[in-house]
Every structure is written in structure tokens, then in C-alpha cells.
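In terms of the UniProt record's numbering, the sequence shown opens at residue 1 and continues consecutively.
Note that the Cβ used here is the ideal one computed from N, Cα and C, for glycine as well.
Bear in mind that the values here come from a model prediction, so they are computed numbers and not experimental data.
Remarks on the structure that follows.
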Amino acid sequence: QIVSDYCVQVRELGYRLQELISESLGLEKDYIKKVLGEQGQHMAVNYYPPCPQPELTYGLPGHTDPNALTILLQDLQVAGLQVLKDGKWLAVNPQPNAFVINIGDQLQALSNGTYKSVWHRAIVNTDKPRMSVASFLCPYDHALISPAKPLTQHGCGAVYRDFTYAEYYSKFWGRNLDQEHCLELFKN
Ligand code: OGA
Ligand code: NI
Numbered sequence: 001q002i003v004s005d006y007c008v009q010v011r012e013l014g015y016r017l018q019e020l021i022s023e024s025l026g027l028e029k030d031y032i033k034k035v036l037g038e039q040g041q042h043m044a045v046n047y048y049p050p051c052p053q054p055e056l057t058y059g060l061p062g063h064t065d066p067n068a069l070t071i072l073l074q075d076l077q078v079a080g081l082q083v084l085k086d087g088k089w090l091a092v093n094p095q096p097n098a099f100v101i102n103i104g105d106q107l108q109a110l111s112n113g114t115y116k117s118v119w120h121r122a123i124v125n126t127d128k129p130r131m132s133v134a135s136f137l138c139p140y141d142h143a144l145i146s147p148a149k150p151l152t153q154h155g156c157g158a159v160y161r162d163f164t165y166a167e168y169y170s171k172f173w174g175r176n177l178d179q180e181h182c183l184e185l186f187k188n
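As C-alpha cells, then:
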């Protein structure tokens, strides 16, 4: 019951964020939700055991989230999340009563690169285990992801070609995980 309530609430929050992101781009409030259709929702409960030599490994190597929007609940006791900013890894320390929101690759494409799908990773601790709960909102398989027309009319035009989420997803898992950003493969 608690987990199912959590999932419902997180979904609502995700929808509200998608509405606000649409509006911030000068699009109709429902624009993103309409494009993504009946969104899939996945939850990952990540457990990072302690490691005596944390510098030799990662809990989760650097990546961007391939979906639309991620809502992450962090362990308040143990830090571990880092984001890449200006070529440096910065710690994102847990804050009480706060979620970390990650823009995923699909919102980067839809926004024609205005919103960035951030590179992030998780490191492990010497003595304490860490947990995090990630909720991923994903477009439905046949959603056609395409830079929003009003955003391609001035300047550089559409940065990315049109693709379906299913196509993106199979490319994402079909490539080597240490390769460049998957979105690069969809550039015009
Ligand atoms: C993920 C993720 C980070 C964390 O599951 O995609 O980035 O802090 N998790 O566990
Ligand atoms: Ni992630």
C-alpha cells in the first residue's frame, strides 16, 4: 500500500514537472504529456554495499538516464550521487524532504537541447551501505520524439532527428555502455 501510494504520488509530481517544463519552453502546458502518451513508470531500488576500497569501483558508472524524467529519493545518511558539471564531478548531497530530479535524454531531445540530460554516477562508501529509490517516467514505445517545432524555428534548427522511443531504447542497450552519449547518435 505504501509503495503503491508512493508510485501514484511520484507520477503526479512528474506530470506537474512536465507541465511546468512545457510552459517554461513557451509550449502548451500539456505538450510534453501529449507527446509521451501513456507513460511507463519503473522503479529501481538501488543498494550500494560498503566497499573497503571505494576508489577502485563505482556503485553506478557515469551515465545519463535514457527515459524522460527521473525522480530520485536519496538516503539521508549516506551521500554518493555526483553530477558532471564543467568537466568536474560534483557531489549532490542528500537534502531532507527533497527529491533529485534528472532530466532524461527524451526531454533533452524534445526541448531541442535546452534542457540537458545530466551525466551522473554513484560512488560507494568504505563503511556504510547506501540506498536510493529512482522512479523513471518513460514515453510509451511508439511515442514520436522530435524537437518541439516552436523551438526549431530560429537559430540552429532541429538538433536531433525524429525517432520513436522504442528505437532509442534499442540503440541505448545495443551500444557499448562506455560509449558516448546515446543522443549523439540521433543528431542531425
Ligand atoms: C539511476 C541512478 C543514482 C543513485 O538509478 O539511474 O542514477 O544515487 N541512481 O542511486
Ligand atoms: Ni541515473
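Report task. Please report the Cβ distance between Pro147 and Ala109, rounded to the nearest whole angstrom; I am assuming they are in contact, meaning their Cβ atoms lie under 8 Å. Result -> Here the question's residue 147 lines up with position 147 in the sequence shown. Here the question's residue 109 lines up with position 109 in the sequence shown. So it is a contact: roughly 6 Å between Cβ atoms.
**Report entry** Asn67, buried or exposed, once every other Cβ within 10 Å from all chains shown has been counted against 16
**Finding:** In the sequence shown, counting from the first residue as 1, residue 67 sits at position 67. Within 10 angstroms of the beta-carbon of Asn67 lie 16 or more other beta-carbons, which makes it buried.
Requested in this report: Provide the residue(s) that pair with Lys85 in DSSP beta bridges, ordered along the chain.
Outcome: Numbered from its first residue, the sequence shown carries residue 85 at position 85. According to DSSP, which records beta bridges pairwise, Lys85 is partnered with Lys88.
Query raised in the report: Which two residues bound the contiguous beta strand (DSSP E) that contains Tyr47?
Result: Position 47 of the sequence shown, counted from the first residue, corresponds to residue 47. Tyr47 -> beta strand (DSSP E) spans Gly40 to Tyr48.
Query raised in the report: Is the beta carbon of Cys182 sitting closer than 8 Å to the one on Asp86?
Result: For the purposes of this step, residue 182 is taken as the residue at position 182 of the sequence shown. For the purposes of this step, residue 86 is taken as the residue at position 86 of the sequence shown. It is not a contact, given that the beta carbons lie outside the stated cut-off.
Query - Near the ligand NAD: Ala98 beta-carbon under 7 Å from a heavy atom - result: No copy of the ligand NAD appears in this structure; the ligands present are the ligand OGA and the ligand NI.
Query raised in the report: Among all residues, which have a Cβ less than 5 Å from at least one non-hydrogen atom of the ligand OGA, and in what chain order do they fall?
Result: Summarising the contact set, residues whose Cβ lies nearer than 5 Å to any heavy atom of the ligand OGA are, in chain order, Ala44, Asn46, Leu81, Ala122, Ser132 and Ala134.
Requested in this report: Reducing DSSP to helix, strand and coil, say where Ile123 ends up.
Outcome: As a first step, residue 123 must be located in the sequence shown, where it is residue number 123. The answer is coil: DSSP assigns Ile123 none of H, G, I, E or B.
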